[in-house]
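Asks: So the number in this note's numbering is just where the residue sits in the sequence shown, counting from 1, plus 1.
Where a beta carbon is used, it is the ideal one built from N, C-alpha and C, also for glycine.
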Amino acid sequence: MRFAVIENREWSGHSSLSRPLNKGIDPVAVESEARRRKASAGLDEYQLREYVTGLPIPADLRNLCMQIDYAAQAISRLSPIPVDFTDDIYWPRTF
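1) When we look at the beta-carbon of V84 and count the other beta-carbons within 10 Å, is it buried (16 or more) or exposed?
2) Beta-carbon separation of Y47 and I58 under 9 Å?
3) Quick check on DSSP: helix, strand or coil for S77?
4) Please confirm whether I82 and G43 have their CB atoms less than 9 Å apart.
5) Taking all protein chains shown into account, do 16 or more other C-beta atoms lie within 10 angstroms of the C-beta of S77, making it buried, or fewer, making it exposed?
6) Around the Cβ of S33, are there at least 16 other Cβ atoms within 10 angstroms (buried) or fewer (exposed)?
7) How close, in whole Å, do the beta carbons of Y68 and P28 come, if the pair is a contact with beta carbons under 8 Å?
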């Protein structure tokens, strides 16, 4: 992706609005898979613990969640989104 300054505005040659919509898998399904993977890693319990006790989420779990978010964004941008997007090859390794 290239950026150029035009009239003091940042411009990108590619826009998410200009690319064709994926006719296959909905990106919402990818986000749902990411939420499922985070829940299976125990994120919900650690978020509740952080809220109640103030103890932070462990760094390795926080990093895993960031990796899952990154993978979900990358998969959602594929055109078309692979039918087997729930396969472990697309996602970071969990504990």
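Replies: Per the coordinate set shown:
1) exposed
2) yes
3) Helix, per DSSP.
4) The answer is no: Cβ separation not under 9 Å.
5) Buried, by the Cβ-count rule.
6) exposed
7) The sequence given here has Gln at residue 68, not Tyr. With a Cβ gap of about 18 Å, Q68 and P28 do not count as contacting.
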